[in-house]
Amino acid sequence: MLELRGLCKYFHTPGGMFSSDRKPIRAVDGVSFKVHRGEIVGLVGESGSGKTTLARVVLGLTEMTAGDVIIDGIDLGKATRQDMKKLHSEVAVVFQDPASNLNPRQTVESSIMRPMILHKVPKEEARKRAGEVMDMVKMDRQYLESYPHQLSGGQLQRISIARALALQPKLMILDEPTSALDVSVQAQILNLLLDLQDSLHLTYLVITHDLNVIRYISDRIAVMYLGKLVEFGPAEEIAVNPAHPYTKSLMDSAPILDPELRGREKKLLTGDPGSLVKIGKGCRFCDRCDFCEDHCRKEEPKETDFGDGRIVFCHHPLIDVSAPAGTKDVAV
Amino acid sequence: MQELKSKPESKPAASEYATEPEGEASAAGTKNDELLKLENLSINYKVHDGYLSAVNHVNMTIRKGEIFAVVGESGCGKSTVAHSILRLLPDKDTKITGKILFKGQDLSTFNEKQIEKVRGRQIGMIFQNPLDSLNPVYRVGTQVEEAILLDNPDKAAAKKKTVSLFRDVRLPDAELRAESYPHELSGGMRQRVMIAMMLSRTPELLIADEPTTALDVTIEAQILDILKRLKNTYGTSIMLITHNFGLVAEIADRIGVMYAGEMVETGDVFEIFRNPRHPYTKLLMQALPRRSKKEGRLKTIDGMVPRITDDKPCCRFANRCPSASERCFKESPAAVDFGNGHICRCFEAEGAESVKVNG
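Chains as they are written, first to last, in this note's numbering: chain H, 6 to 337; chain W, 87 to 445.
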């Protein structure tokens, strides 16, 4: 459904008037992975790891610097106008803060109809469809007449999802869909997203930093660190038995949901993620890694394939290539 | 505005909770352990034709050297309670009744000058977004020194202390960082500066209002680690306000669950996670995503937290509660002690064999 091949997105620092050394900020640097049809892939990483930039490139909101993005057979780099138009209806997005994504001066109905109107759907049909998508997200049709300020955060997020569904997308990109919501509402939205995915056979790319959410919702997880993909594979494998030291510390810092686990052994990361401007040659995780050795600093780690659908970029992966998946539980 | 807060009505619903001190004290040992005690605290906001109840008869006790977590969804009155303790709510439009006892003294009767002495020195507070709490045009070191100079006007000593405090909160390159401006620091570092600033006056109680919500999980884990060490080395009590059960499970000693302005359940953290009694607590725990979707959909709570302006049933959770009976809409449940300081307000929980205290 979605394939990324060596995707790069560099931004440039503004150079001074007399200096010509405009340094590239490598926000996304050579990321490759595939998302299959009907699959939920979770994308995790700390802030500044390039998750959102990657999503923006896939959405066509930002131009990529290098690499290929192939969505449903269409190469984003070589797409014609018609192709782009098709993509715009096939790829939908739901953002974090629903309140800032709906026009406060328009009714819910016109917000939902807007993308359809832009895609030349006749008005009557669009209105009918607006009612249908409201049913899909389990909202009463009476809210079509409401304005965003009259609705709660959870309701607004449902509306955003309804709007995303209006053009019958195949791929949905969900950027922190539940971060702004309370626990009980978060559960409602997660259930709704899973139900929709089941009934409409959608493909999701979910971006979040909530590790419990990502573990719950994803089939596969991609972990990013400073613009690089560090580990990619089946969700449970990654959560229970991470191979990259960074993934391990990330999973260890995931909030536990049972005080009995308090004394568990964990490895906390020290310091902050480094800067994207000053990046050395080697592995980007070097400064915070316990297993860092000389050649880690000099050489960028290559892809290691573990056979179980998992790929890791590390010179010293924590699990043996041949070892069976462990049963030790890290984050419950 | 004086009379609004000076005379707390002591009696009306006090009977509900009247015997709580004994129960609490027996669990804790002596009564002297109590650092902060809220008794029947109600907070009402004035609107043009009356009052809206934001917080209703909240009782809680924070003992010396413990981390007490106040949990609940947004709009449940967690922050309002915290702000009322240091009197940070607008005086003119709020009516506070009940007692806020800090080391036996009722803070709600203090005048501005007296409360000024409590703020920072005895009770410190950190907020969700540290950038809002720091002055962008002063170096962070200077801002921490300013707090130290309030108690001790020796500048050189203050500078030294700042650096050592920065080391205490594990700020890398402490000397260098003291010379930085807030915008030069990352979110985690700023929160550390705030914690250092609080520590500088060694308060006995630290109120942390969503201290890690704006931070990454890895940084959150570091900050929690600092708070835990704080409690252990300085013996500071911490009132942790959060909506994140993960933090609670990680560091709290006791928790209080708030719903729509009421404290519905309080107790020991292990006890509450193992055996939640209030339906709201139960549902909230089940709504947390654990493990994977293959194990089924999450439990949800129908509806949403009532707004402050909404009419609420007698038990404020009744309209969303799966086990609500008619009685819940007509009477409000009293707080019942289930032993070991596990207190819950619910008819359903009460129905089980229980020792009702002074109902």
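C-beta: ideal position from N, C-alpha, C; glycine also.
Verify the CB distance criterion: does residue i have a CB-CB separation below 8 Å to chain H?
i	result
PRO239 of chain W	no
THR319 of chain W	no
GLN308 of chain W	yes
VAL355 of chain W	yes
SER409 of chain W	no
SER272 of chain W	yes
PRO362 of chain W	no
SER266 of chain W	no
GLY359 of chain W	The sequence shown places Phe at residue 359 of chain W, rather than the Gly named in the question. Judged by the 8 Å Cβ criterion, PHE359 of chain W is in contact with chain H.
LEU370 of chain W	yes
PRO258 of chain W	yes
ALA104 of chain W	Here the model assigns ALA104 of chain W a pLDDT of 38, short of 50, so the residue's position is not dependable, and the following value carries that caveat. No, ALA104 of chain W does not count as interfacial toward chain H.
State buried or exposed for residue i, treating a residue as buried only when at least 16 other CB atoms are found within 10 Å of its CB.
i	result
GLU231 of chain W	buried
ASP299 of chain H	exposed
ALA336 of chain H	Residue placement at ALA336 of chain H cannot be trusted, given a pLDDT of 38 that sits under 50; what the coordinates show is reported in the next sentence. With 16 or more other Cβ atoms within 10 Å, it is buried.
SER254 of chain H	buried
VAL138 of chain H	buried
PHE415 of chain W	exposed
CYS294 of chain H	buried
SER250 of chain W	exposed
ASN142 of chain W	buried
ILE178 of chain H	buried
TYR209 of chain H	buried
ASN221 of chain W	exposed
ILE312 of chain W	buried
GLU270 of chain W	exposed
ARG393 of chain W	exposed
THR395 of chain W	exposed
LYS233 of chain H	buried
What would DSSP say about residue i, mapped onto helix, strand or coil?
i	result
ALA338 of chain W	coil
MET6 of chain H	coil
ASP277 of chain H	coil
ASN142 of chain W	strand
ARG31 of chain H	strand
ARG225 of chain H	strand
ASN426 of chain W	coil
THR252 of chain H	helix
VAL96 of chain H	strand
ASP80 of chain H	strand
ALA155 of chain W	strand
HIS124 of chain H	coil
PHE213 of chain W	coil
SER112 of chain W	Because SER112 of chain W carries a pLDDT of 39, less than 50, the predicted location of this residue cannot be relied on, and the following value inherits that uncertainty. If DSSP states are grouped into helix, strand and coil, SER112 of chain W belongs with the helices.
ASP192 of chain W	strand
ASN106 of chain H	helix
Would a check of beta-carbon distances place residue i closer than 8 Å to chain W?
i	result
PRO260 of chain H	yes
GLU51 of chain H	yes
GLU241 of chain H	yes
VAL235 of chain H	no
ALA71 of chain H	no
GLN193 of chain H	yes
VAL113 of chain H	no
ASP292 of chain H	no
ASN246 of chain H	no
LEU64 of chain H	no
GLY276 of chain H	yes
GLY159 of chain H	yes
LYS196 of chain H	As written in the sequence, residue 196 of chain H is Asn, which differs from the Lys given in the question. Yes, contact with chain W.
SER254 of chain H	yes
ASP140 of chain H	no
Report yes or no: is there a C-beta of chain C within less than 8 Å of the C-beta of residue i?
i	result
TYR221 of chain H	In summary, chain C is missing from the structure at hand, where the protein chains are H and W.
(message) Suppose only complete runs of 4+ residues qualify. What are the alpha helix (DSSP H) ranges in the region 129-198 of chain H, listed by chain order?
(response) Taking only runs of at least 4 residues, the alpha helix (DSSP H) segments lying wholly in the region 129-198 of chain H are 158-170.
(request) Please name the residues in the region 208-226 of chain W whose beta-carbon is closer than 8 Å to at least one beta-carbon of chain H, in chain order. (result) Answer in chain order: no residues at all.
(request) Would you list, in chain order, the members of the region 373-389 of chain W that have their beta-carbon closer than 8 Å to a beta-carbon of chain H? (result) Correct list: ALA373, LEU374, PRO375, ARG376, ARG377, SER378, LYS379, ARG383, LEU384, LYS385, THR386 and ILE387.
(request) Check each residue of the region 86-106 of chain H: if its Cβ is closer than 8 Å to any Cβ of chain W, include it; give the result in chain order. (result) From the region 86-106 of chain H, no residue has a Cβ closer than 8 Å to chain W.
(request) Determine which residues of the region 311-336 of chain W have a Cβ less than 7 Å from any Cβ of chain H, and write them out in chain order. (result) Answer set for the region 311-336 of chain W: ASP311, HIS329, ASN330, PHE331, GLY332, LEU333, ALA335 and GLU336.
(request) Let me know the beta strand (DSSP E) ranges lying completely inside the region 201-249 of chain H, each 3 residues or longer, listed in chain order. (result) Given a length threshold of 3 residues, each whole run of the beta strand (DSSP E) inside the region 201-249 of chain H is given here in chain order: 208-212, 225-230 and 233-239.
(message) What ranges does the alpha helix (DSSP H) occupy inside the region 276-325 of chain H, keeping only unbroken runs of at least 4 residues that lie completely in it?
(response) Here the runs fully enclosed are 299-303.
(request) Compile a chain-ordered list of the residues in the region 293-307 of chain W whose CB is closer than 8 Å to at least one CB of chain H. (result) Closer than 8 Å at the C-beta level to chain H, one finds these residues of the region 293-307 of chain W: ASP302, VAL303, THR304, ILE305, GLU306 and ALA307.
(request) Using a Cβ-Cβ cut-off of less than 8 Å, list which residues of the region 158-185 of chain W approach chain H; keep chain order. (result) Cβ contacts with chain H come from GLU159 and SER160.
(message) I'd like the ranges of any beta strand (DSSP E) spanning at least 3 consecutive residues and lying wholly in the region 346-408 of chain W.
(response) Unbroken beta strand (DSSP E) stretches of 3 residues or longer found wholly inside the region 346-408 of chain W: 348-354, given in chain order.
(request) Report the residues of the region 200-218 of chain H with a CB closer than 7 Å to any CB of chain W, ordered along the chain. (result) Hits within the stretch, in order: HIS214, LEU216, ASN217 and VAL218.
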